[in-house]
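S.K.: With my numbering, letter number 3 in the sequence shown gets 13, and the count goes up by one each step, no holes.
Every residue gets a Cβ at the ideal spot worked out from N, C-alpha and C, and that includes glycine.
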Amino acid sequence: MGLSEREQQQLERIARYEQLMVELAKDMEDLEELLKTLPETQQTATALSEYYSSSNWMLDKDFSESEHFPESRTSGVLSEDGLYNLLGDYYEAGMCLIEQGLRMIKLGREES
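1. Please state whether DSSP places E33 in a helix, a strand or coil.
2. Please report the straight-line C-alpha distance between W67 and E120, rounded to a whole angstrom.
3. Within the stretch 37-122, note down every full beta strand (DSSP E) run reaching 3 residues or more, in order along the chain.
4. Which whole-angstrom value is the C-beta distance of L93 and L69, which I expect to be below 8 Å?
5. By the three-class DSSP mapping on this structure, what secondary structure does L13 have?
6. With C-beta atoms as the reference, is L10 less than 8 Å away from Y62?
7. Between L21 and L117, what straight-line distance do the alpha-carbon atoms span, to the nearest angstrom?
8. Tell me whether the beta-carbon of L88 lies closer than 8 Å to the beta-carbon of S76.
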């Protein structure tokens, strides 16, 4: 005797949620790996932010615009928009992490 329509729907539902569980487990592994890098990323962003707001940055920018600065040397860090935008992106990513973290916590509370 074959499966009823209801039983077939149950099997499909189970398979769908099984796949979602597998996807979430993989995403959580990826997230845990990313979270391990955040302290180092924070140190890098802090160093860049401190440099950008220092007098050294302005001195270096002025030097990069002088005739003594080698043309072969990269100086993207001295691009006002480039570094400013990168630090802004870092801030926005932090805000996104806070918002998403709150949703994750809320879901965890609903489950308990």
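M.R.: If we stick to the structure as given:
1. What you label residue 33 is simply residue 23 of the sequence shown in a count that begins at 1. Here E33 sits in helix by DSSP.
2. As a first step, residue 67 is located in the sequence shown; it is residue number 57 there, counting from the start. As a first step, residue 120 is located in the sequence shown; it is residue number 110 there, counting from the start. Rounded to the nearest angstrom, the two C-alpha atoms are 49 Å apart.
3. Taken in chain order, no unbroken stretch of beta strand (DSSP E) lies wholly in the stretch 37-122 with a span of 3 residues or more.
4. Locating residue 93 in the sequence shown gives position 83, where the first residue counts as 1. Locating residue 69 in the sequence shown gives position 59, where the first residue counts as 1. Taking C-beta atoms under 8 Å as the contact rule, L93 and L69 fail to qualify, at a distance of about 15 Å.
5. Within the sequence shown, numbered from 1, the residue matching residue 13 stands at position 3. Taken through DSSP and simplified to helix, strand or coil, L13 comes out as coil.
6. Any property of residue 10 remains undetermined from this structure, which presents the chain solely from 11 to 122.
7. Looking up residue 21 in the sequence shown gives position 11. Looking up residue 117 in the sequence shown gives position 107. Answer to the nearest angstrom: the Cα atoms are 26 Å apart.
8. Numbered from its first residue, the sequence shown carries residue 88 at position 78. Numbered from its first residue, the sequence shown carries residue 76 at position 66. Not closer than 8 Å, so no.
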